[in-house]
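Asker: Handing you this structure, nothing more for now.
In structure tokens form, the structure reads like this:
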């Protein structure tokens, strides 16, 4: 009888562990999709960082079995882009009142490069994740050094306006797909997810 009880308890513990792993994996497998936005990728990064912090896991310490890495494969350059437009007289053939005459770009994520949570955590966190906490779409455009709403299109009477595109905002709206999911051969837990930019 005691032997049967011990066996039953052992099987129950095993089932509970398997159920926990399945439930854990489902949270990440929900992002194993053909189409998603950068905002979804940021969600996975946050989940992975929280997981690694909870388990105090790194790729090399005693808890490495619980470490999750996330990889982004960029196909185009990402950076802060500043464009300056100057007002001009509209003609019958051209109703565009403004002409782009200055473009400045500071690229922070290079095309055809991969960035990982393991190697590039601080860069991704500061330029993509943290940046979205203070980013406001209404701050994209300035007219003659005075802020104005993006939805206005242009401010009456202004001679110039500047549009600033932030990498976090651009990334959030960019489309990606999940290109790879890896599982631990011993625990069966998700340990790596890769996302590739759609072009």
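Numbering (my numbering), first residue to last: 1041 to 1239.
All C-beta atoms, glycine included, are put in the ideal place defined by N, C-alpha and C.
Using the C-alpha atoms, what's the distance from residue 1153 back to residue 1192?
Answerer: The predicted model places residue 1192 with a pLDDT of 46, which falls under 50 and marks its position as unreliable; any figure quoted below should be read in that light. Each residue's alpha carbon lies about 37 Å from the other.
Asker: Rounded to whole angstroms, how far is the Cβ of residue 1069 from the Cβ of residue 1239, which I believe are closer than 8 Å?
Answerer: Residue 1069 to residue 1239, Cβ: 25 Å. No contact.
Asker: If we count Cβ pairs, one from each stretch, closer than 8 Å, do we get three or more for the segment 1093 to 1107 versus the segment 1074 to 1081?
Answerer: At 8 Å Cβ cutoff, the stretches do not touch.
Asker: Rank 1060, 1058, 1061, 1088 by C-alpha distance to the C-alpha of residue 1234 and give the top, closest one.
Answerer: Minimum Cα distance to residue 1234 is reached at 1088.
Asker: Within a Cβ cutoff of 6 Å, which residues of the same chain sit near residue 1205, ignoring the five residues on either side of it in sequence?
Answerer: Within the same chain, residue 1205 has close Cβ partners 1121.
Asker: Using the Cα positions of residue 1209 and residue 1161, report the straight-line distance between them to the nearest angstrom.
Answerer: If I take the Cα positions, the gap works out to 18 Å.
Asker: Since I believe residue 1151 is in contact with residue 1117 (beta carbons under 8 Å), could you give me their beta-carbon distance rounded to a whole number of angstroms?
Answerer: Residue 1117 to residue 1151, Cβ: 5 Å. Contact.
Asker: Report the option in 1169, 1159, 1119 whose CA atom is closest to the CA atom of residue 1143.
Answerer: For residue 1143, the nearest C-alpha among the options comes from 1119.
Asker: Identify the residues that DSSP records as bridge partners of residue 1166: which are they?
Answerer: Residue 1166 pairs with nothing; no bridge assigned.
Asker: Go ahead and pull the three-state DSSP assignment for residue 1080.
Answerer: Helix, per DSSP.
Asker: Have a look at residue 1166 and residue 1138 and give me their C-alpha separation to the nearest angstrom.
Answerer: Looking at the two C-alpha atoms, the distance is approximately 34 Å.
Asker: Going by other Cβ atoms of all chains shown within 10 Å of its Cβ, with 16 needed for buried, is residue 1214 buried or exposed?
Answerer: So residue 1214 counts as buried.
Asker: Rounded C-beta distance between residue 1201 and residue 1074? I'm assuming under 8 Å.
Answerer: Actually they are not in contact, since the Cβ atoms of residue 1201 and residue 1074 sit about 38 Å apart, beyond 8 Å.
Asker: Using the C-alpha atoms, what's the distance from residue 1125 back to residue 1140?
Answerer: Answer to the nearest angstrom: the Cα atoms are 4 Å apart.
Asker: For my contact list, residue 1111 and residue 1156 are in at a C-beta cut-off of 8 Å; report their separation, rounded to the angstrom.
Answerer: About 5 Å separates the two Cβ atoms, so the contact holds.
Asker: Taking the DSSP output, what are the residues bridged to residue 1221?
Answerer: DSSP lists 1233 as partners of residue 1221.
Asker: Note down the Cα distance separating residue 1060 from residue 1231, rounded to an integer number of angstroms.
Answerer: Spanning the two alpha carbons is a distance of roughly 15 Å.
Asker: Just how far apart, CA to CA, sit residue 1211 and residue 1223?
Answerer: Taking the straight line from one Cα to the other gives about 27 Å.
Asker: Identify the continuous beta strand (DSSP E) that holds residue 1140 and give its terminal residues.
Answerer: 1138 to 1149 is the extent of the beta strand (DSSP E) around residue 1140.
Asker: Along the beta strand (DSSP E) that carries residue 1202, what are the first and last residues, could you check?
Answerer: From DSSP, the beta strand (DSSP E) with residue 1202 extends over 1200 to 1205.
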